[in-house]
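Protein chains in written order, with my numbering: chain X, 1 to 572; chain W, 573 to 662. The beta-carbon is built from N, C-alpha and C at its ideal position, and this holds for glycine as well. Note sheet for the following structure.
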């Protein structure tokens, strides 16, 4: 049995036999040709056949998936008409007397490699499309175009990687799920899988050589979990899960774009935690009313220097535009000794979670924060977004005052440059117990709080949640954590400020009545959880939630709180 | 050689449909047309080649320079400028 976790790419649970897709590796012959004119004719014929095939695939994609998916194959046709590419192929054949196969391989590969060298993952992903077209032409030249393995019975397709052509050629009725060892979440294959409604997992570390044809597979496109060679018990459990998941999910999805109202009409905001443009798009599809946490670390990791201001503006603006006027809470850089950012010169610390990280870098490196704040303001000025800026890991009041000074500085510089800046809310994360306990003082300085329950739990209970031996002690249901949450919300409301929550706790449907009862205004979570939590909120009356919260606060242990909540959820 | 500097405002940059539209428009004119990624300072490429345009890696907000030479050069520049100014018809 192989059990692994890849990246979730298209939601749903698939159960079925494994069908390992091993496309014929086409050997590219390489030799000089005497009659280069005839070779050129042979190539043009192959290109013409490829264009016909692509027209058929585009029509098929249009019916099976949609207009956008059909455009993938229309773009492939454009590659075949590319004057530069044709000139390169022609030169290799007619002037260098190279055979058509080698000329095609070299010319396409030149562009694929140039695309892979670009920084943007969107452009990099197009290398796969170029190679897909290359393979098509090579198959036609080899005369083996029908040697493609055929999926003739319902199965889960497992492959090293899949091209869009591979994916669309499978019979939709026979394809239960897709699992690839490589591939990222922005590939065209993933877009097709989503459009076809096929559960998919990518970047799954499986050893294909060890998979027996017909082995039973359980694939979870929401968690990324894949089990190959599943036992009958595992399958039975998964099947039950799949059935009830589908029923429940259908109900949730049908109402995911409706507001989250309790039965007695109390409304809360349900928003998403995102870290990329794709996440933001998915969040909207899942019914997010905004972004409650935009993580910005991805801009700073895996590179050699700080990101330039215009690069940041660009990325923020794309996300803001997609969110079209909805609120977007952006967390400023939250990075420390546990992450690779060599240019920040973070020393090895024995305790990085208590070290020089996040807002604490501000005194030594104010430039980083000023740069980020400026980029955010410019991006907001260029769009209609309702920008809210949030500082991470605040533990004392001085940090808020200092950050606001930097914010005012950045804003006045931009105004001098002629920017019309929008109103921006300024808030902090509550994830250190000192900030929660002094929330009434912080509330005077900010427009909102967002409670980060993962770190608040870790710092309150002194538990490293990445340490498996003690991780079970880290529960946000611990009454000590709940009291800090309660105090944060009480203090904020006393000063007329709103409170959100962007830790995993907010996405836990069992916690919904408790958090509603404590008065939480905004719930922010992974996009896929939004429909579930909205539905969970609709089950309750706000007045009964307030009682539930008061009772929960009185228990002495996390286990007692959980048992109590399980009881009320079951009997509701 | 007539040329013009433009900023690509479409959210996809010169990628996907905008790239295809750009190349299609350029292809409709007999003159030689090149496009250059000014923001990243990359050498100019044939504006009628979709693969070359993609390898420029032009994102939203990037500045590009389009140059044209030969028959209908001015008309070609105008058509491409309009295409970008109209956000590719969206």
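Rounded to the nearest whole angstrom, the CA to CA distance from residue 364/X to residue 345/X is 11 Å.
In the three-state DSSP reduction, residue 540/X falls in the coil class, being neither helix nor strand. Contact between residue 291/X and residue 285/X is ruled out by a C-beta separation of about 14 Å, above the 8 Å threshold.
Nearest to residue 278/X by alpha-carbon distance, out of 86/X, 89/X and 122/X, is 122/X.
Note on geometry: alpha-carbon atoms of residue 238/X and residue 76/X lie some 39 Å from one another.
Interface residue (Cβ-Cβ distance to chain X less than 8 Å): residue 589/W is classified as such. A direct Cα-to-Cα measurement between residue 636/W and residue 419/X gives close to 23 Å. Using a Cβ-Cβ distance cut-off of 8 Å, the stretch 646 to 655 of chain W and the stretch 579 to 587 of chain W are not in contact, since fewer than three pairs of beta carbons, one from each stretch, lie closer than that value. Taking a contact as a CB-CB distance under 8 Å, the pair residue 192/X and residue 288/X does not count as one, their CB atoms being some 24 Å apart.
Taken in chain order, the members of the stretch 573 to 584 of chain W whose beta-carbon sits within less than 9 Å of a beta-carbon on chain X are 583 and 584.
From the beta-carbon of residue 633/W, the residues of chain X found nearer than 8 Å are 310, 313, 314 and 317. Sequence-distant Cβ neighbours of residue 37/X in its own chain, meaning closer than 8 Å and more than five residues away, are 94. Scanning its chain for C-beta atoms nearer than 6 Å, with the 5 sequence neighbours on each side dropped, one finds around residue 205/X the residues 4, in chain order. Sorting 14/X, 405/X, 73/X and 103/X by C-alpha distance to the C-alpha of residue 155/X places 14/X at the top. For residue 83/X, the nearest CB of chain W lies under 8 Å from its own CB, placing it at the interface with that chain.
Annotation: residue 101/X to residue 28/X spans about 6 Å, alpha carbon to alpha carbon. Residue 327/X: member of the beta strand (DSSP E) spanning 327 to 331, first to last residue. For residue 92/X, no Cβ of chain W is located within less than 8 Å of the residue's own Cβ. Around residue 120/X, the beta-carbon contacts reaching into chain W at under 9 Å are 585, 587, 629 and 631. In this chain, residue 114/X is not harboured by any beta strand (DSSP E); it is covered by the alpha helix (DSSP H) spanning 100 to 116. At least one CB of chain W lies nearer than 8 Å to the CB of residue 126/X. Note on residue 354/X: under 16 other CB atoms within 10 angstroms of its CB, so exposed under the neighbour-count rule. Restricting attention to 498/X, 526/X, 482/X and 505/X, the CA atom closest to the CA of residue 555/X is found in 482/X. Contact check for residue 571/X against residue 539/X fails: the beta carbons are separated by 8 Å or more.
Listed in chain order, the non-local C-beta contacts of residue 441/X below 8 Å within the same chain comprise 397, local neighbours out to five positions each way being set aside.
Remark: C-beta atoms of residue 445/X and residue 388/X do not approach each other more closely than 8 Å. Spanning the alpha carbons of residue 47/X and residue 92/X requires a straight line of approximately 16 Å. Three or more beta-carbon pairs drawn from the stretch 528 to 538 of chain X and the stretch 260 to 276 of chain X are found closer than 8 Å, and the two stretches are therefore classed as touching. Going by C-alpha positions, residue 589/W is about 25 Å away from residue 104/X. Residue contact with chain X for residue 614/W: absent (no Cβ-Cβ distance below 8 Å to any residue of chain X).
With contacts defined as CB atoms closer than 8 Å, residue 530/X and residue 270/X qualify as a contacting pair. Taking a contact to require three or more Cβ pairs closer than 8 Å, the stretch 620 to 640 of chain W and the stretch 559 to 569 of chain X do not qualify as touching. Contact check between the stretch 447 to 460 of chain X and the stretch 398 to 417 of chain X: fewer than three CB pairs, one atom from each, fall below 8 Å, which does not count as touching.
With contact defined as three or more Cβ pairs closer than 8 Å, the stretch 316 to 332 of chain X and the stretch 375 to 387 of chain X are in contact. With contact defined as three or more Cβ pairs closer than 8 Å, the stretch 232 to 252 of chain X and the stretch 516 to 528 of chain X are not in contact. Chain-order list of chain W residues neighbouring residue 321/X: 583 and 632, by C-beta distance under 9 Å.
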